[in-house]
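The structure under discussion appears below in the form of structure tokens.
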Amino acid sequence: MYENMVTARQYEERLQEEYMAGKQPAFDISAGPIPGELHLAAGHEAAGAGVCQHLRDDDTVTAPHRPHHIAIAKGVDLKRMTAEIFGRESGLSGGKGGHMHLFDPDVNFACSGIIAEGCPPAVGAGLAAKKRNTDSVAVAFLGEGAIDQGAFLESLNLASVQNLPVVFVVEDNDWAISMPKERVTDVENGAQRADGFGLQGMRVDADDAVAVSEAAREAVGRARDGNGPTLLEVQVHRRMGHFMGDPESYRPDEDKDAAEQRDSIERLESDLQAHGVDDETIDDLRSRAHDRVEEAIEWAKDQPEPESEDAYEDVFVNPPSGVTDNEPSTADTGGDD
Ligand SMILES: Cc1ncc(C[n+]2csc(CCOP(=O)(O)OP(=O)(O)O)c2C)c(N)n1
Ligand SMILES: [Mg+2]
1 MYENMVTARQ YEERLQEEYM AGKQPAFDIS AGPIPGELHL AAGHEAAGAG VCQHLRDDDT
61 VTAPHRPHHI AIAKGVDLKR MTAEIFGRES GLSGGKGGHM HLFDPDVNFA CSGIIAEGCP
121 PAVGAGLAAK KRNTDSVAVA FLGEGAIDQG AFLESLNLAS VQNLPVVFVV EDNDWAISMP
181 KERVTDVENG AQRADGFGLQ GMRVDADDAV AVSEAAREAV GRARDGNGPT LLEVQVHRRM
241 GHFMGDPESY RPDEDKDAAE QRDSIERLES DLQAHGVDDE TIDDLRSRAH DRVEEAIEWA
301 KDQPEPESED AYEDVFVNPP SGVTDNEPST ADTGGDD
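For the sequence shown, full-length UniProt numbering assigns the number 1 to the initial residue and increments by one for each residue that follows.
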């Protein structure tokens with residue numbers, strides 16, 4: 001878990017540098033090697049590492065718009081993920097999705113920029129596992145800002161009534177962009193949402209990877225054993241702005257300071273030291289993470305950009321005629337495109 005969390009933090013620190021290149025002096029979101037929005041997950045690492053520690057490649061994970069720590073913990077190919085973020089041809093989605101649209105079928109990972117969007121597909125994956133009689137599970141990650149979304153609430157209901165192997169993991173960082181949780185949701189503990197739908201609810205209150213891992217062991221185990229879904233809420237902290245370039249003028253200084261102080265990586269490091277792990281071992285893990293991150297970034301930056309004439313490839317099942325030079329496909333997709 002520690003190596004995973006450090007990899008995620010170091011990875012995002014490097015992405016931050018790359019992202020800002022070319023965007024100054026006046027912030028230009030479309031400039032530089034990583035154009036568009038970038039949502040960093042510094043302060044959320046315990047949730048990704050603690051939960052994904054219990055998952056296999058054949059388990060499905062859907063993640064939201066802040067996906068890197070979860071993708072890394074699930075074992076998504078770091079080089080191809082980085083190439084995707086840099087918009088390169090060898091990226092997971094051919095460079096067309098960017099950082100919020102990472103798909104890796106080898107480890108059954110997907111994410112989306114639409115909040116709560118990952119919940120219905122995770123329920124679908126859970127239903128598929130049940131129908132196929134496998135013991136795979138599906139995990140949907142979402143932010144606390146998404147817990148009032150219909151897609152989430154309907155997913156809770158369906159997973160519960162069908163007793164599906166699904167775990168919903170809410171990363172509660174107290175903020176949805178500039179909106180504090182208490183102004184939009186009248187429950188302090190999001191896990192209480194479970195009560196209305198007849199599934200198990202759990203909450204981990206501290207930024208503690210070990211506590212998350214213990215709760216997730218129980219939740220994933222319940223799903224794998226055919227005993228139904230769980231809603232697990234995990235307290236995390238957003239150490240940065242909602243996205244890069246967010247001046248956070250809406251956020252009180254004390255809140256930012258509190259997020260700085262509650263670092264799950266430092267906490268886990270102290271736990272490891274208290275359990276006799278020596279500094280050399282910790283340094284080794286950190287330097288392994290560093291090398292892996294550098295290798296992925298250097299590799300990705302060397303990859304070619306996609307050809308502009310391929311822009312419409314992989315976008316439509318049946319491209320409207322005239323959209324591409326190719327004849328529209330006549331394949332029967334069995335439904336609407
Ligand atoms: C359905 C939908 N509505 C609104 C948005 C715009 N939006 C992007 S992120 C965000 C806030 C998400 O907050 P939360 O779920 O708590 O996740 P966090 O950013 O805190 O990790 C919103 C409203 C969106 N992407 N999708
Ligand atoms: Mg939030």
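Backbone N, C-alpha and C define an ideal beta-carbon position, used for all residues, glycine too.
Minimum Cα-Cα distance from Pro304 among the listed residues Trp175, Phe86, Gly190 and Gly145 corresponds to Phe86. In the DSSP annotation of this structure, Asp253 is not part of any beta strand (DSSP E); the continuous alpha helix (DSSP H) holding it starts and ends at Asp253 to Gln261. In chain order, Ala289, His290 and Val293 place their CB closer than 7 angstroms to the CB of Gln10, counting only its own chain and leaving out the 5 sequence neighbours on each side. Here Gly48 is buried, its C-beta having at least 16 other C-beta atoms within 10 Å.
Around the CB of Gly126, 16 or more other CB atoms lie within 10 Å, so the residue is classed as buried. Taking the Cα positions, Ala122 is about 22 angstroms away from Gln235. Of the residues assessed, Asn133 falls on the exposed side of the cut-off, its CB having fewer than 16 other CB atoms within 10 angstroms. No Cβ-Cβ contact shorter than 8 angstroms links His99 with Ser93. DSSP links Val170 through a beta bridge to Leu142 and Glu233. Shortest Cα-Cα distance from Ser308 to any of His39, Glu18 and Gly95 involves Gly95. In the DSSP assignment, Phe109 falls within the beta strand (DSSP E) that extends over Phe109 to Cys111. Look at the beta carbons and you see the segment 44 to 61 touching the segment 139 to 147: at least three pairs across the two are nearer than 8 angstroms.
Around ligand 1, the residues selected by a Cβ distance under 5 angstroms to any of its heavy atoms are Arg66, Ile114, Ile115, Gly143, Glu144, Gly145, Ala146, Asn173, Ala176 and Ile177, following chain order. Put simply, the segment 214 to 229 does not touch the segment 264 to 284. Fewer than three CB pairs are less than 8 angstroms apart.
For a cut-off of 8 angstroms, the C-beta gap from Met202 to Ala219 is around 7 angstroms, short enough to register as a contact.
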